[in-house]
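A.B. asks: Encoded as structure tokens, here's the structure I'll be asking about.
Residue numbers (our numbering): 671 to 748.
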């Protein structure tokens with residue numbers, strides 16, 4: 671999930687994803703695209719209670735590159 675300066679919304683978006691099913695089966699990857707607000711802190715607060723959330727940070731390069739960066743840590747299922 672790409673994030674750029676969405677402190678007010680990122681917590682609600684993550685909670686919505688967590689409600690979709692068993693959190694043990696989820697792997698939520700958040701790519702912070704150089705936010706300058708409290709987006710990173712909001713994600714980290716959610717990470718304290720949900721180990722399925724992973725946060726990666728990069729300089730601001732736009733939503734397309736943020737999405738592509740989010741695909742790199744994925745491991746294909748066998």
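Cβ atoms here follow ideal geometry from the backbone N, Cα and C, with glycine treated the same way.
Given this structure, state the Cα-to-Cα distance separating residue 674 from residue 707, to the nearest angstrom.
C.D. replies: Rounded to whole angstroms, residue 674 to residue 707 spans 9 Å at the Cα level.
A.B. asks: For residue 724, does the three-state DSSP call read helix, strand or coil?
C.D. replies: Of the three classes helix, strand and coil, the one that applies to residue 724 here is strand, per DSSP.
A.B. asks: Quick one, which of 725, 679 and 711 has its alpha-carbon nearest residue 741's?
C.D. replies: For the residues 725, 679 and 711, the minimum Cα distance to residue 741 belongs to 725.
A.B. asks: Given this structure, state the Cα-to-Cα distance separating residue 676 from residue 687, to the nearest angstrom.
C.D. replies: Near 16 Å, if we compare the C-alpha coordinates of residue 687 and residue 676.
A.B. asks: What is the DSSP secondary structure of residue 718, counted as helix, strand or coil?
C.D. replies: Three-state DSSP puts residue 718 in coil, outside helix and strand.
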